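K.L.:
The structure's right below; bear with me while I get my questions together.
Set out below in structure tokens:
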């Protein structure tokens, strides 16, 4: 028996027509209705989930709740709450834009969450999604256990999420957040004001350490660009809306990381610590600098391409790092 049917018959079952808006708004009523509908539409459309969420249900939940100006942790009973006619149309429009334009949800609703905090998000900077959030929430344990920290640096800050979250979780720290991009820093400044941390967070425009002469830090954290050119060319459409400057870093993704490794010792205190995310470029870095004792941090879901190094280790292996970095110039 031919269960596949003729091409015409197949189209009856597998072609997903654009939903009639009037019909849909009549059928859907509650918050949970729209979350379920959005998740189903996202799954059917084959979207990529890589901007804070890894599944269609969380993605739809973010879109629906944010568009209704509701927090992500509302009690389940609120799921039965009914939407007004205007709210239904607004949510449906965002669902269709997510599908048709492949825009990340954070850009559609203008906000996202990182380390339990809400941040403004738009095309001026990457959508916050670093596993470093887990380190911030845990107080960087055990890496900072017994270590005195007064000054910290978030290098390649983008939207400012890492540095701002560090300042919020550690109110006694003074944190510099640094980026080369005017657009990213304008968004970071908005997030500093939004989170009311301007008294302990300074926004600095700099090409890595170039504008930080004389400044030293007890902790430097960086989520720099680390996507290779080949990887960038193969990325799903969702990533095309983000600034390429915040994603790519040479053929192996390590151009910027090597500059950080070379220059960081001059800006770390004697007992200072460097933490850097390199993602899928972890293997390339280990291969390039096998003598450097990178400690790859374990997260709840395993290794995520984030390493820690002491200043003394950077100094000890400065010659090898300098040679590798010089080969890129």
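Numbering (the numbering used here), first residue to last: 49 to 377.
Glycine included, each C-beta is placed from N, C-alpha and C at the ideal position.
Here the structure is a predicted model, which is why all the values come from computation and not from measurement.
Is the separation between the beta-carbon of residue 231 and that of residue 172 shorter than 7 angstroms?
P.N.:
Here residue 231 refers to the residue found at position 183 of the chain shown. Here residue 172 refers to the residue found at position 124 of the chain shown. Taking 7 angstroms as the Cβ cut-off, residue 231 and residue 172 qualify as a contacting pair.
K.L.:
If the criterion is Cβ atoms closer than 7 angstroms, does the pair residue 267 and residue 200 meet it?
P.N.:
As a first step, residue 267 must be located in the chain shown, where it is residue number 219. As a first step, residue 200 must be located in the chain shown, where it is residue number 152. Cβ atoms of residue 267 and residue 200: closer than 7 angstroms.
K.L.:
Is the CB-CB distance between residue 329 and residue 295 below 7 angstroms?
P.N.:
The residue labelled residue 329 in the question sits at position 281 within the chain shown. The residue labelled residue 295 in the question sits at position 247 within the chain shown. No. Outside cutoff.
K.L.:
Short check: CB of residue 372 to CB of residue 306, under 7 angstroms?
P.N.:
Counting from 1 along the chain shown, the entry for residue 372 is found at position 324. Counting from 1 along the chain shown, the entry for residue 306 is found at position 258. Result yes, Cβ atoms of residue 372 and residue 306 sit closer than 7 angstroms.
K.L.:
Mapping the DSSP letters down to three states, classify residue 315 as helix, strand or coil.
P.N.:
Position 267 of the chain shown, counted from the start, is the residue given in the question as residue 315. Looking at residue 315 - three-state DSSP - the assignment turns out to be helix.
K.L.:
Can you look up residue 97 in the DSSP assignment and give me helix, strand or coil?
P.N.:
As a working mapping, residue 97 is identified with position 49 in the chain shown. Note: residue 97 maps to coil in three-state DSSP.
K.L.:
What does the Cβ neighbour count give for residue 300, buried or exposed, with the cut at 16 atoms within 10 Å?
P.N.:
Here residue 300 refers to the residue found at position 252 when the chain shown is read from its first residue. Buried, by the Cβ-count rule.
K.L.:
For residue 374, does the count of other Cβ atoms within 10 angstroms reach 16, so buried, or fall short, so exposed?
P.N.:
To locate residue 374, count along the chain shown from 1; it is residue 326. The residue in question, residue 374, is exposed, as its Cβ has fewer than 16 Cβ neighbours within 10 Å.
K.L.:
Provide the residue(s) that pair with residue 160 in DSSP beta bridges, ordered along the chain.
P.N.:
To locate residue 160, count along the chain shown from 1; it is residue 112. DSSP lists 167 as partners of residue 160.
K.L.:
Based on Cα-Cα distance, which residue from 239, 196, 190 and 227 lies nearest to residue 213?
P.N.:
Counted from its first residue, the chain shown places residue 213 at position 165. Of the candidates 239, 196, 190 and 227, the one whose C-alpha sits nearest the C-alpha of residue 213 is 239.
K.L.:
To the nearest angstrom, report how far apart residue 90 and residue 222 are at their CA atoms.
P.N.:
Position 42 of the chain shown, counted from the first residue, corresponds to residue 90. Position 174 of the chain shown, counted from the first residue, corresponds to residue 222. The alpha-carbon atoms of residue 90 and residue 222 are separated by roughly 42 angstroms.
K.L.:
Quick check on the burial criterion: 16 or more other C-beta atoms within 10 angstroms. Buried or exposed for residue 126?
P.N.:
Against the chain shown, residue 126 aligns to sequence position 78. When all chains shown are included, residue 126 counts as exposed.
K.L.:
Considering just the uninterrupted stretch of the beta strand (DSSP E) at residue 270, what are its terminal residues?
P.N.:
Translated into the one-based positions of the chain shown, residue 270 becomes position 222. Start and end: 265-270.
K.L.:
Between the Cα of residue 175 and the Cα atoms of 195, 210 and 191, which residue gives the shortest distance?
P.N.:
In the chain shown, residue 175 corresponds to position 127, counting from 1. Nearest option by C-alpha distance: 210.
K.L.:
For residue 371, name the three-state secondary structure that DSSP assigns.
P.N.:
Sequence index remark: in the chain shown, residue 371 carries index 323 (1-based). Here residue 371 sits in helix by DSSP.
K.L.:
Counting only the same chain and skipping the five closest in sequence on each side, list residues whose C-beta sits under 7 angstroms from that of residue 259.
P.N.:
For the purposes of this step, residue 259 is taken as residue 211 along the chain shown, with counting starting at 1. So the list reads 252 and 253, once near-sequence residues are dropped.
K.L.:
Taking the alpha-carbon of residue 165 as reference, which of 131, 146, 148 and 208 has the nearest alpha-carbon?
P.N.:
Taking the chain shown and counting its residues from 1, the one referred to as residue 165 is at position 117. Of the candidates 131, 146, 148 and 208, the one whose C-alpha sits nearest the C-alpha of residue 165 is 208.
K.L.:
In angstroms, rounded to a whole number, what distance separates the CA positions of residue 263 and residue 317?
P.N.:
Mapped onto the chain shown, residue 263 falls at position 215. Mapped onto the chain shown, residue 317 falls at position 269. Near 10 angstroms, if we compare the C-alpha coordinates of residue 317 and residue 263.
K.L.:
According to DSSP, simplified to helix, strand and coil, what is residue 365?
P.N.:
The count along the chain shown starts at 1 and reaches residue 365 at position 317. In this structure, residue 365 counts as coil in the three-state DSSP scheme.
K.L.:
Check this for me: beta carbons of residue 325 and residue 354, under 7 angstroms apart or not?
P.N.:
For this step, residue 325 is matched to residue 277 along the chain shown. For this step, residue 354 is matched to residue 306 along the chain shown. Their beta carbons are under 7 angstroms apart, which means residue 325 touches residue 354 by this criterion.
K.L.:
Output the residue ranges of the alpha helix (DSSP H) runs that lie fully inside the stretch 113-195 and measure 4 residues or longer, sorted by chain position.
P.N.:
DSSP runs (the alpha helix (DSSP H)) wholly in the stretch 113-195: 133-149, 153-157 and 180-185.
K.L.:
Using CA coordinates, which residue listed in 103, 184, 135 and 117 is at the minimum distance from residue 158?
P.N.:
Indexing the chain shown from 1 puts residue 158 at position 110. When each option's Cα is compared against that of residue 158, the closest is 117.
K.L.:
Would you call the stretch 132-142 and the stretch 186-193 in contact, with 3 or more CB pairs under 8 angstroms?
P.N.:
The answer is no - the stretch 186-193 does not touch the stretch 132-142, with fewer than three Cβ pairs under 8 angstroms.
K.L.:
Just verifying my parser: in three-state terms, what is the DSSP assignment at residue 197?
P.N.:
As a position in the chain shown, residue 197 is number 149, starting the count at 1. Here residue 197 sits in coil by DSSP.
K.L.:
Between which two residues does the beta strand (DSSP E) containing residue 356 stretch?
P.N.:
Locating residue 356 in the chain shown gives position 308, where the first residue counts as 1. Counting along the chain, the beta strand (DSSP E) containing residue 356 begins and ends at 350-358.
K.L.:
Do you know how far the Cα of residue 369 is from the Cα of residue 376?
P.N.:
The sequence position of residue 376 within the chain shown is 328, counting from 1. The sequence position of residue 369 within the chain shown is 321, counting from 1. Answer to the nearest angstrom: the Cα atoms are 11 angstroms apart.
K.L.:
Would the beta-carbon of residue 202 fall within 7 angstroms of that of residue 225?
P.N.:
One-based indexing of the chain shown puts residue 202 at position 154. One-based indexing of the chain shown puts residue 225 at position 177. Contact: yes.
K.L.:
Check whether the Cβ atoms of residue 215 and residue 248 lie closer than 7 angstroms to each other.
P.N.:
If you number the chain shown from 1, residue 215 lands on position 167. If you number the chain shown from 1, residue 248 lands on position 200. Yes; because the gap between Cβ atoms is below 7 angstroms, this pair is in contact.
K.L.:
Is the beta carbon of residue 109 sitting closer than 7 angstroms to the one on residue 83?
P.N.:
In the chain shown, the residue the question calls residue 109 occupies position 61. In the chain shown, the residue the question calls residue 83 occupies position 35. Closer than 7 angstroms, so yes.
K.L.:
Could you check which residue in 362, 227 and 86 has the C-alpha nearest to that of residue 145?
P.N.:
Here residue 145 refers to the residue found at position 97 when the chain shown is read from its first residue. The shortest C-alpha separation from residue 145 is found at 86.
K.L.:
At which residues does the beta strand (DSSP E) containing residue 228 begin and terminate?
P.N.:
On the chain shown, residue 228 is found 180 positions in, with the first residue counted as 1. It is not in any beta strand (DSSP E) - residue 228 carries neither H nor E in the DSSP assignment.
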